[in-house]
Amino acid sequence: MVNEIPVIWLQTSACTGCTISLLNSASPTIRNILIDQVIPGAHINLRFHVTIMAGAGEPAIEIMENTAKEKTGNYILVIEGAIPTTKDAVYGAIGERGGKPVEMKDRVEDLARSALAILAVGTCSSFGGIPSAAPNPTGCQSVKQFLDAKDITTPIVNIPGCPPHPDWFVGTVASIILNGLPKADDLDDNLRPLAFYGHLIHENCPRRAYFDEGKFAKKFGDEGCLYELGCKGAITYADCPLRLWNGGTNWCIGAGAPCSGCTQPEFPDLVAPFYEKLVDVELPTIGAYWLPRKEEK
Ligand code: SF4
Ligand code: SF4
């Protein structure tokens with residue numbers, strides 16, 4: 003007997019990059035995830051996902067709405083994107099009702115109330131991300147902010163990243179199927195699974211010895227720590243240096259690019275400009291590294 007786990011995946015204010023990242027999952031492949039048993043005896047029954055599903059239009063919306071009715075309290079709601087909340091303006095809609103577009107925020111509210119759990123995939127969904135960047139004309143909010151304002155208490159797990167690594171999503175889903183919903187100790191203060199976001203990039207960075215020696219790259223391609231070229235690894239929690247990306251091929255700093263802090267609530271406004279050194283940050287590291295304030299430069 004196979005346990006079917008219904009999943010509804012909504013895309014709100016986002017770029018679809020999180021979906022593209024998941025489609026690149028190396029092990030298991032997306033085929034394994036969607037067709038096979040993701041763990042023995044359990045199959046993910048993806049009922050609604052605009053990018054992946056073959057269906058479209060009213061029949062697809064009907065499946066989504068029926069899932070919420072028939073599987074109340076038993077389906078996982080995945081939300082990719084921030085929630086636009088500005089009043090009296092439709093910045094995004096998912097399907098129609100009575101010939102009128104249903105705003106993203108209304109869909110999220112309906113489906114969130116009756117879900118077993120919500121996975122906020124990507125930094126837009128987890129923390130607001132790029133759609134919520136100043137001046138935020140669409141009033142975008144993170145899923146948690148939105149749910150709190152509506153008094154919706156469905157458990158939520160944030161899986162940030164711009165985009166998130168496919169393993170972070172697949173591993174979280176597999177853990178929920180095997181062990182149930184994460185306990186408070188399994189998550190950090192930002193509701194991220196500690197299994198994937200438990201350490202700073204800076205703790206495991208192969209360029210860390212350069213940082214400690216004070217040897218900093220002055221231009222791209224130089225040897226040395228990328229801190230002065232804008233690396234935000236010192237404030238960013240994720241396991242990229244150990245896990246690597248694209249099936250273990252490489253990662254941002256390995257390719258010579260600074261970490262832009264994409265898994266952090268501060269992304270993007272408070273880690274910008276991306277290619278400038280952090281200021282006003284106390285570095286969790288050894289030795290004194292003087293941080294000139296911008297006006298002292
Ligand atoms: S600042 Fe960036 S490049 Fe330098 S050691 Fe830390 S994480 Fe690595
Ligand atoms: S190294 Fe930094 S910017 Fe790159 S994916 Fe990891 S957290 Fe995001």
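For this note's numbering, count along the sequence shown from 1 and bump the result up by 2. Don't be surprised by glycine CBs; every beta carbon is placed ideally from N, CA and C.
(message) Going by C-alpha to C-alpha distance, which of Cys207, Ile78 and Leu24 sits closest to isoleucine 54?
(response) Leu24
(request) Run the proximity test for serine 262: is its beta-carbon closer than 7 Å to any non-hydrogen atom belonging to ligand 2? (result) yes
(request) Could you give the DSSP three-state label for valine 110: helix, strand or coil? (result) helix
(message) If the criterion is Cβ atoms closer than 8 Å, does the pair serine 27 and valine 172 meet it?
(response) yes
(request) May I have all residues whose beta carbon comes closer than 6 Å to any heavy atom of ligand 1, sorted in chain order? (result) Ile203, His204, Cys207, Arg209, Arg210, Phe213, Cys227, Leu228, Tyr229, Cys233, Gly235, Ala236, Ile255 and Cys261
(message) Give me the residue from Lys220, Cys227 and Gly235 with the minimum Cα distance to glutamate 205.
(response) Gly235
(request) With phenylalanine 50 as the anchor, note down where its beta strand (DSSP E) starts and where it stops. (result) 44-51
(message) Comparing C-alpha positions only, which one of Pro86, Gln266, Pro275 and Arg245 sits nearest to arginine 109?
(response) Pro86
(request) Could you check the C-alpha separation between threonine 140 and lysine 102 for me, to the nearest Å? (result) 20 Å
(message) For glutamate 60 and glycine 97, what's the separation of their Cα atoms in angstroms?
(response) 7 Å
(message) I'd like to confirm something about glycine 250: is its beta-carbon nearer than 7 Å to some heavy atom of ligand 2, or not?
(response) no
(request) Taking 8 Å as the cut-off, decide whether the C-beta atoms of alanine 119 and proline 166 are in contact. (result) no
(request) Would you mind sorting proline 42 into buried or exposed? The rule is 16 or more other CB atoms within 10 Å of its CB. (result) exposed
(message) Here's a check: name, in chain order, each residue in its chain whose Cβ is nearer than 6 Å to the Cβ of proline 270, leaving out the five neighbours to either side.
(response) Ile132 and Ala135
(request) Let me know if glutamate 298 comes out buried or exposed under the rule of 16 or more other beta-carbons within 10 Å of its beta-carbon. (result) Note on glutamate 298: pLDDT 46, under 50, position unreliable in the model; the coordinate value appears next. Exposed is the call here.
(message) Looking at the secondary structure, which residues open and close the beta strand (DSSP E) in which tryptophan 11 lies?
(response) 5-13
(request) Output yes or no for whether 8 Å exceeds the beta carbon distance between proline 208 and proline 243. (result) yes
(request) Can you have a look at alanine 84 and say buried or exposed, based on whether 16 or more other CB atoms are within 10 angstroms of its CB? (result) buried
(request) Can you tell me the Cβ-Cβ gap for arginine 115 and isoleucine 81, rounded? I've got them flagged as a contact below 8 Å. (result) That pair is no contact at about 13 Å.
(request) With alanine 119 as the anchor, note down where its alpha helix (DSSP H) starts and where it stops. (result) It is not in any alpha helix (DSSP H) - alanine 119 instead sits in the beta strand (DSSP E) that spans 119-123.
(request) Return the residue from the list Val273, Asn248 and Gly163 that minimises the CA-CA distance to isoleucine 237. (result) Val273
(request) Could you round the C-beta distance between histidine 312 and aspartate 150 to whole angstroms and report it? I think they count as a contact, below 8 Å. (result) Any property of residue 312 remains undetermined from this structure, which presents the chain solely from 3 to 299.
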